[in-house]
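Sequential numbering of the sequence shown, starting at 1, is according to UniProt numbering. Quick notes on the structure that follows.
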Amino acid sequence: MTYTLKQAADLLAAGKTSAVELASDYLARIEAAQGALNAFITVDRELTLAMARKADASRAAGNAGLLTGVPIAHKDIFCAEGWKTTCGSKMLEHFVSPYDAGVVERCTAAGLVTLGRTNMDEFAMGSSNENSAYGAVRNPWDRDAVPGGSSGGSAAAVAARLAPAATATDTGGSIRQPAAFCGVTGLKPTYGVVSRYGMVAYASSLDQGGPIAQTAEDCALMLNVMAGHDVRDSTSLEMAKEDYSRDLNQPLKGLRIGMPREYFGAGLAADVAAAIESALAEYRKLGAEVVEISLPRTELAIPAYYVIAPAEASSNLSRFDGVRYGHRSQNYEAYFEEHNKEAKEEKEKVTLLEAMYETSRAEGFGWEVKRRILTGAYVLSHGYYDAYYLKAQKVRRLLSEDFQAGFGQCDLIAAPAAPTVAWNLGEKGDDPIAMYLADIYTLGVNLAGLPGIAHPVGFGANGRPVGLQLIGNYFSEARLLNAAHQFQQATDWHTRAPAL
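Structural data, given as structure tokens:
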């Protein structure tokens, strides 16, 4: 049997199962499904069972917390001591982390048991989880479809009931979009609420960790563990400890939900629009009022994001050069000899160190990562910084102001998580711009640093899930979780699981 996070915690507390039994059952499910879904990069049975035995010992000694012994999965972007941390890249294929990320540290301290490391788009760059160096993840609802990205492995694992919950990261929608595509619940917190220490950086001003689970209640329990100030992260916010489950059972009467007219026009598929309209009708039944608002500069989110994020990525990924750690080419000396022999002028020659840089990065990075590094280096180069990067940052401020104006008229904003249901594997592989356009409804949230949640609200074309995104003002995670939980108490979309 499989369980929600809360159900597993209750069974452990009642003594009806053990952490070792739970972990063993989920490990068996992972092994059976891995060939079909490819949701995990690394599974280490002995490491997992050692953590489970420790959790059982803590319970026997009366030292257990609420989630002690509950198994979860970690996105392979979070460093974890003794585990390979590949970030979905050949660049880090053999890297075993010597320390825990802040998120992993908190999860381990809470007694959660790690089942494995979930697959992801390389260095979190992608919207489909087809960019992983370890192969594409398949959507459990339809194996011809993508699961969304970059946290597609975490979303697919939770949807397929290979883990009760998983950690994930969201730079431009990478929690909310895969959660929607896989029919599960995903929460992107306010920027700075969850520590970025030990989370391999893509775009530092946008990246934020969060949970993916079956239910809003489970996401609240996970966020209770994951959130908190970390002095090792300069972007981590100092704020009072919260119980994000505190308002789950509050009624929604009087809640105002805004519908941005820019999100519900041309470009939104009819099947997605129908499922979302049905969900908003359910919210009305629960006492919420739905009002029309405007976010007039929505269309500027894509160009602003795809200037800022690659610029930060080009800086963050410069550390992967074959010198200190990560992939080092075995062919750089041959390249050095061949290149310099063919060089027509002295200035075209490279040093041995430069040859190692070039070959190591060429071999270690995939095409999408290279594309974004090159884009980022271009917009930061002399003569283009003011024309592109500085303007993108100004647009970012304008987008934030649009959201604040919207929140003057409503409490939460409703939006699709994506314009369509999950597309087929390979469908957009030759058209990166089409892939980027699929992020239109999620990017603004990251640019503004706002929290957002996606939860399942039905099915569209080919029986593929549809998710509704709710966006809140800063630090309104408890309100978002309350709204999603109340919806899930009245509906059963979150209980539906794909047949494996």
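Where a beta carbon is used, it is the ideal one built from N, C-alpha and C, also for glycine.
**Report entry** Burial state of W141 (16 or more Cβ within 10 Å)
**Finding:** buried
Requested in this report: Go to G444, then tell me how far its alpha helix (DSSP H) extends in each direction, as first and last residue.
Outcome: 443 to 448
Requested in this report: Indicate the three-state DSSP secondary structure (helix, strand or coil) for K241 in the structure shown.
Outcome: coil
Query raised in the report: What is the residue span of the beta strand (DSSP E) that K188 lies within?
Result: 185 to 188
Query raised in the report: For T420, which residues of its own chain have a beta-carbon under 7 Å away from its beta-carbon, when the five flanking residues on both sides are left out?
Result: A269, V272
Requested in this report: Indicate the three-state DSSP secondary structure (helix, strand or coil) for I453 in the structure shown.
Outcome: strand
**Report entry** Continuous beta strand (DSSP E) stretch holding E292: start and end
**Finding:** 289 to 293
Query raised in the report: In the DSSP assignment, what are the bridge partners of F40?
Result: T118
**Report entry** Whole-number beta carbon distance between A304 and A392, since they are thought to touch under 8 Å
**Finding:** 4 Å
**Report entry** Alpha carbon of P296 to alpha carbon of Y436, nearest angstrom
**Finding:** 20 Å
Query raised in the report: What residue range is occupied by the uninterrupted alpha helix (DSSP H) comprising A155?
Result: 152 to 159
Query raised in the report: What three-state label does DSSP hand F123 in the structure shown?
Result: helix
Report task. Identify whether R498 lies in helix, strand or coil by the three-state DSSP scheme. Result -> Checking the sequence, you will find Pro at residue 498 rather than Arg. P498: coil per DSSP, three-state reduction.
Requested in this report: Would you list the residues sitting across from L412 in a DSSP beta bridge?
Outcome: I257, G472
Requested in this report: Under the assumption that F227 contacts G186 (Cβ atoms under 8 Å), give the Cβ distance between them as a whole number of angstroms.
Outcome: Here residue 227 is Ala; the residue named in the question, Phe, does not match the sequence. No, A227 and G186 are not in contact; Cβ-Cβ is about 15 Å, not under 8 Å.
Report task. Work out the CA separation of R45 and L27 for me, nearest whole Å. Result -> 7 Å
**Report entry** Bridge partners - G467, DSSP secondary structure assignment
**Finding:** P456
**Report entry** Contact belief for I257 with A414 at Cβ below 8 Å, rounded distance in angstroms
**Finding:** 5 Å
**Report entry** At least three beta-carbon pairs within less than 8 Å, the region 89 to 100 to the region 353 to 367
**Finding:** yes
Report task. Could you work out which residue in A52, S278, Q208, A19 is closest to A101 when comparing CA atoms only? Result -> Q208
Query raised in the report: Over what stretch of residues does the alpha helix (DSSP H) that includes A275 continue unbroken?
Result: 270 to 285
**Report entry** Start-to-end residues for the beta strand (DSSP E) that takes in G209
**Finding:** 208 to 213
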